[in-house]
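Letter 24 of the first sequence, counting from 1, is numbered 7 in the numbering used here, and no numbers are missing. Backbone N, C-alpha and C define an ideal beta-carbon position, used for all residues, glycine too. Let me begin by presenting the structure, written as structure tokens, before commenting on it.
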Amino acid sequence: MGFNEDVFDVVRNIPDGRVTSYGAIAKCLGDVRSSRRVGWALNQSFKVSPLVPAHRVVNRLGMLSGAIHFPPQRSMEDELAKEGVIVKDGQVVTFDRYFWDPMTEL
DNA sequence: TTGTTGACGCTCA
DNA sequence: CTGAGCGCCAACA
-16 MGFNEDVFDV VRNIPDGRVT SYGAIAKCLG DVRSSRRVGW ALNQSFKVSP LVPAHRVVNR
44 LGMLSGAIHF PPQRSMEDEL AKEGVIVKDG QVVTFDRYFW DPMTEL
């Protein structure tokens, strides 16, 4: 059960108004190739406490690939917009400016 | 137990 | 630019 917890831990450390990618998290945890598992872990994130700001995690291009898995109340776009992250057409605008790398910043 | 799937990422044509 | 294919690995039918 370590992987999921590690993922949650990292995600919970993402500052407001910042985002990161599945690959970056996977890399931070030691294996960039397991990026798919990060998505799976975040799937579980809905039922853990405290809540994990999974909306701050997007794919490496800044697209909200996982938006469809969010309940309408917590749509990634809304939550991100609330934090000052501009999202257009399901993609984070100027993703580079918001990117937060757990490798270097944690 | 085996086969498929997927909130990814990278490479090649 | 678009599409196809591959590696990875846990969950699930």
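- In this structure, DSSP gives V68 a state outside helix and strand, which the three-state scheme calls coil.
- For V41, the secondary structure class from DSSP, reduced to helix, strand or coil, is strand.
- Between the beta-carbon of Q74 and that of L47 there is about 7 Å, and that keeps the pair under the 8 Å contact cut.
- Here DSSP, grouped into helix, strand and coil, assigns V2 to strand.
- The beta-bridge partner set that DSSP reports for M46 consists of Q74.
- Between the alpha carbons of I8 and S18 lies a gap of roughly 8 Å.
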